[in-house]
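2 protein chains.
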Amino acid sequence: MATIKDVAARAGVGLGTASRVLSGSAQTSPSSRERVLAAAAELGYVAHGPARSLRRARTDALGLLVSDIRNPFFSELAHAAEQEARAHGYALLLANANEDADQADDALRTFASQRIDGLLLSPQGPATPQLASLLARAVPIVLLNRRIEGVDLPFYGTDNEQGVGLVLDWLQERGHRDVAYVGGPQTMSTGAERARAYLGGRAAHGIATDDALVDAGDFTTDGAAAAMLRILDRGVRPTAVFGANGATTVGALRALRERLGADAGGVEVVSFDDFDWFAYASPAITAVRNDAAAIGVGAVQGLLALLRGEDATSQRIATELVDRAARS
Amino acid sequence: MATIKDVAARAGVGLGTASRVLSGSAQTSPSSRERVLAAAAELGYVAHGPARSLRRARTDALGLLVSDIRNPFFSELAHAAEQEARAHGYALLLANANEDADQADDALRTFASQRIDGLLLSPQGPATPQLASLLARAVPIVLLNRRIEGVDLPFYGTDNEQGVGLVLDWLQERGHRDVAYVGGPQTMSTGAERARAYLGGRAAHGIATDDALVDAGDFTTDGAAAAMLRILDRGVRPTAVFGANGATTVGALRALRERLGADAGGVEVVSFDDFDWFAYASPAITAVRNDAAAIGVGAVQGLLALLRGEDATSQRIATELVDRAARS
DNA sequence: TTCCACCATGGAAACGTTTCCACGCGACGG
DNA sequence: CCGTCGCGTGGAAACGTTTCCATGGTGGAA
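For the protein sequence lines, the chains are P and V, in the order given.
Under the UniProt record's numbering, the first residue of the first sequence is numbered 1, with each subsequent residue one higher.
Under the UniProt record's numbering, the first residue of the second sequence is numbered 1, with each subsequent residue one higher.
What follows is the structure in structure tokens.
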């Protein structure tokens with residue numbers, strides 16, 4: 001309730017001096033400084049953020065739009081990004097698109113209205129009008145984990161090719177020939193890149209190139225379970241299954257357990273995306289660990305670079321394989 | 001970049017009329033309305049949120065402070081709360097305390113500066129100066145899942161007593177006598193309430209009241225694993241283990257698997273807090289499902305009631321048991 | 001001693017809204 | 001035909017900051 005005028009009055013200084021002390025923007029005499037700070041403390045003064053933003057034409061806030069905060073990948077990323085932003089004096093506003101284009105647009109509208117200084121965006125699909133509007137306003141934007149067709153923005157995400165390479169090496173080392181692949185939608189860059197890397201690298205790693213072993217869901221558990229069942233229904237019997245993201249792997253696992261029992265009939269499961277609990281699953285799941293925290297931190301740093309007027313270099317974060325196969 | 005003045009000028013109306021149309025606050029003639037909306041669309045006008053907040057002395061934003069967004073309970077809750085808030089025209093600002101009192105205070109300071117209209121708070125511990133400051137400003141606040149000593153605020157959380165009752169019934173039905181309990185910190189209301197309900201109800205459900213079977217961690221995986229190991233080291237051999245929250249159960253599971261093998265030596269595990277993947281764990285974990293979404297929605301509704309000047313009634317959300325025990 | 005430069009200071013202006021107030025006009029009733 | 005009522009309107013004021021500008025004072029250099 002107390003304004004800076006009240007503080008100035010109580011400290012017996014002018015409005016300007018009080019502002020200079022409280023925002024630390026310019027030199028002030030030690031005595032003024034002391035009295036202003038004392039007055040502010042006594043009154044419990046808290047600067048009015050919106051007024052400050054109005055005057056300074058910046059909000060010191062970054063927006064983060066993720067497709068689903070319940071997805072552990074994104075909650076980890078959000079957490080890391082928030083820490084990094086906070087460390088640099090920025091607040092992080094989080095919005096949830098709920099895997100829905102309308103909600104995503106809605107969130108972008110809110111961000112635009114809040115006048116965020118920059119945006120971390122995990123795109124749902126193609127560019128939307130709201131996104132175009134933000135681009136037109138020259139709001140700095142970086143992309144997370146998925147690319148947008150036709151829009152060239154700094155990108156921070158997993159190195160899909162390298163990650164799939166690790167999986168292929170592992171499959172070969174374990175001697176798997178008949179491997180099922182449960183993919184994601186080709187319309188997402190993640191789905192497309194992983195599929196391309198896997199399908200293109202199979203032969204060189206001694207894996208059968210039978211198309212009956214390949215199907216795709218929509219990166220949801222349910223979609224992936226259905227895809228896995230379709231594969232099994234074709235009468236093929238893989239010795240290993242590769243899920244193209246975390247939810248996909250869970251769906252495949254569910255289908256395998258339904259069909260083949262709690263140990264999935266000895267089928268080995270390997271995943272792009274790691275969850276901690278994969279260690280406790282039956283069967284244990286080997287996974288490529290997608291470093292969400294590194295992506296979040298890198299993206300914030302890139303965005304901050306853009307805000308300083310420098311340019312940001314895209315990063316593909318390398319993955320590492322967590323091998324949980326039962327060894328004899 | 002376009003302001004409401006630009007819109008008014010282009011539409012050939014006065015400033016006031018433009019504002020009235022765009023904020024829908026009062027009657028305007030159809031012709032004005034039409035021209036203002038057209039002008040706004042042509043200019044790509046987006047209202048300046050901070051300016052609006054400054055003038056209206058409200059932000060239409062609610063703050064949500066959780067202890068750790070990576071905790072699935074909170075990400076689920078955050079998601080549900082955001083949907084509910086959005087449906088009522090409020091934005092939800094999310095902040096992460098990272099289980100750390102300083103960061104929590106920092107986040108509260110930011111919220112205060114942003115002039116949020118209301119706060120959903122999952123407290124870390126006792127009341128802090130920043131919280132007192134918010135209370136003094138008469139910012140409406142509701143509490144999530146944990147209470148604060150000495151502060152009487154509307155509360156939305158799990159019905160711990162009822163949930164523990166379900167677990168006790170299940171343990172009795174399964175014929176367990178020697179049950180280990182891995183609890184949480186007594187300084188948190190959740191830890192204390194669950195411990196009280198369990199310890200007090202044991203005898204009536206035919207469970208041994210041997211204190212060697214009881215230990216406590218700090219609601220983290222590592223702390224719980226250590227507690228579980230302490231119990232096993234006492235030479236007791238329980239037939240079932242009850243973990244007082246999700247992370248605790250995971251820690252106990254880890255310790256059991258380390259000591260007794262991948263099937264935990266046949267020990268049955270039951271948890272307060274359910275994770276979807278418990279179905280795929282080895283051994284499968286029975287759990288009391290904590291309805292995070294219902295808590296989030298209820299809390300937002302309560303907060304909105306406070307904002308309307310009504311008063312909010314605390315809610316204890318009932319849990320349900322998800323029985324995943326292997327039946328013969 | 002005198003001037004100049006510099007630094008701290010007080011207050012006005014500006015940021016983009018909403019809302020209040022006063023005004024003009026048309027319609028309706030007397 | 002005139003007074004009044006009400007509705008739509010334009011513009012000024014206000015919200016709480018920061019920043020610019022002018023001013024006064026002080027220290028050092030000449």
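For glycine and all other residues, C-beta sits at the position ideal for the given N, C-alpha and C.
Roughly how far, in whole angstroms, is the beta-carbon of residue i from the beta-carbon of residue j, given that I think they are within contact range, below 8 Å?
i        : j        : result
V:Tyr45  : V:Val7   : 5 Å
V:Leu324 : V:Phe272 : The sequence given here has Arg at residue 324 of chain V, not Leu. The pair is not a contact, with the Cβ atoms about 14 Å apart (cut-off 8 Å).
P:Ala212 : P:Pro185 : That pair is no contact at about 20 Å.
V:Leu134 : V:Ala107 : That pair is no contact at about 11 Å.
P:Pro238 : P:Val151 : Between P:Val151 and P:Pro238 the Cβ distance is about 38 Å, and since that is not below 8 Å, they are no contact.
P:Arg78  : P:Ile69  : The sequence as given places Ala at residue 78 of chain P; Arg does not occur at that position. So it is a contact: roughly 7 Å between Cβ atoms.
V:Pro126 : V:Ile148 : 7 Å
V:Ala299 : V:Tyr156 : 4 Å
P:Val269 : P:Ile295 : The pair is not a contact, with the Cβ atoms about 24 Å apart (cut-off 8 Å).
V:Ala11  : V:Arg35  : 4 Å
P:Ala280 : V:Ala281 : At residue 280 of chain P the sequence reads Tyr, which differs from the Ala that was named. Confirmed, Cβ separation roughly 5 Å.
P:Ala95  : P:Gly63  : 7 Å
V:Leu93  : P:Leu93  : 6 Å
So, for residue i: in the same chain, excluding its five sequence neighbours on each side, which residues have a beta-carbon less than 7 Å away from its beta-carbon?
i        : result
V:Asp274 : Ala287, Val288, Arg289, Asn290, Val322
P:Leu304 : His88
P:Thr28  : Thr17, Arg20, Val21
P:Ala247 : Phe219, Thr220, Thr221, Ala224
V:Ser53  : Thr59, Arg115
P:Ala76  : Position check: residue 76 of chain P holds Glu in this sequence, whereas Ala was assumed. Excluding sequence neighbours, P:Glu76 sits near Ala292, Ala293.
V:Val267 : Pro238, Thr239, Ala240, Val241, Leu256, Leu260
Please return the same chain residues whose Cβ sits closer than 8 Å to the Cβ of residue i, not counting the five positions on each side in sequence.
i        : result
V:Thr313 : Pro154, Gly302
P:Phe74  : Val66, Ser67, Asp68, Ser122, Ala292
P:Arg177 : Gly206, Ile207, Ala208, Thr239
Is it right to say residue i is buried, meaning 16 or more other beta carbons lie within 10 angstroms of its own, or is it exposed?
i                      : result
P:Met228               : buried
P:Arg327               : exposed
P:Leu15                : exposed
P:Asp276               : exposed
P:Met1                 : exposed
P:Glu84                : buried
P:Ala252               : buried
P:Thr158               : buried
P:Val236               : exposed
V:Thr187               : exposed
P:Glu193               : buried
V:Ala132               : exposed
V:Arg234               : exposed
residue 345 of chain V : This structure gives no information on residue 345 of chain V, because the portion of chain V shown stretches from 1 to 328.
V:Arg41                : Here the sequence assigns Ala to residue 41 of chain V, which means Arg is not the residue at that position. Flag for V:Ala41 reads exposed.
P:Ala91                : buried
P:Arg55                : exposed
residue 359 of chain P : There is simply no residue 359 of chain P to check, as chain P begins at 1 and stops at 328 in what is shown.
P:Gly30                : One point to set straight first is that residue 30 of chain P is Pro, not Gly, in the sequence displayed. Looking at its Cβ environment, which holds fewer than 16 other Cβ atoms inside 10 Å, P:Pro30 is exposed.
V:Arg254               : buried
If you drop the 5 nearest sequence neighbours on each side, which residues of the same chain put their C-beta closer than 6 Å to that of residue i?
i        : result
P:Glu320 : Arg289
V:Pro123 : Arg146, Ile148
P:Glu161 : Ala197
V:Arg109 : Gln130
P:Leu232 : Arg259
Given 8 Å as the limit, is there contact between the segment 130-140 of chain P and the segment 163-181 of chain P, that is, 3 or more CB pairs closer than that? no
Runs of beta strand (DSSP E) wholly within the segment 176-214 of chain V (minimum 3 residues, chain order): 179-183
In chain order, what are the residue ranges of uninterrupted beta strand (DSSP E) at least 3 long that sit wholly in the segment 119-169 of chain V? 141-144, 155-158
May I ask you to verify whether the segment 108-119 of chain V touches the segment 46-65 of chain V, counting CB pairs closer than 8 Å and requiring at least 3? yes
Would you check if the segment 238-246 of chain P and the segment 182-200 of chain P touch, i.e. whether three or more CB-CB distances between them fall below 8 Å? yes
Which complete alpha helix (DSSP H) runs does the segment 285-312 of chain V hold, if anything under 4 residues is left out? 292-307
Specify whether the segment 35-51 of chain V and the segment 94-113 of chain P touch according to this definition: at least 3 beta carbon pairs, one from each stretch, less than 8 Å apart. yes
Which parts of the segment 41-117 of chain P are runs of the beta strand (DSSP E), unbroken and 3 residues or longer, counting only runs that do not cross its ends? 61-66, 91-96
Hey, which unbroken runs of the beta strand (DSSP E) at 3 residues or more fall wholly within the segment 214-287 of chain P? 214-216, 240-243, 268-272
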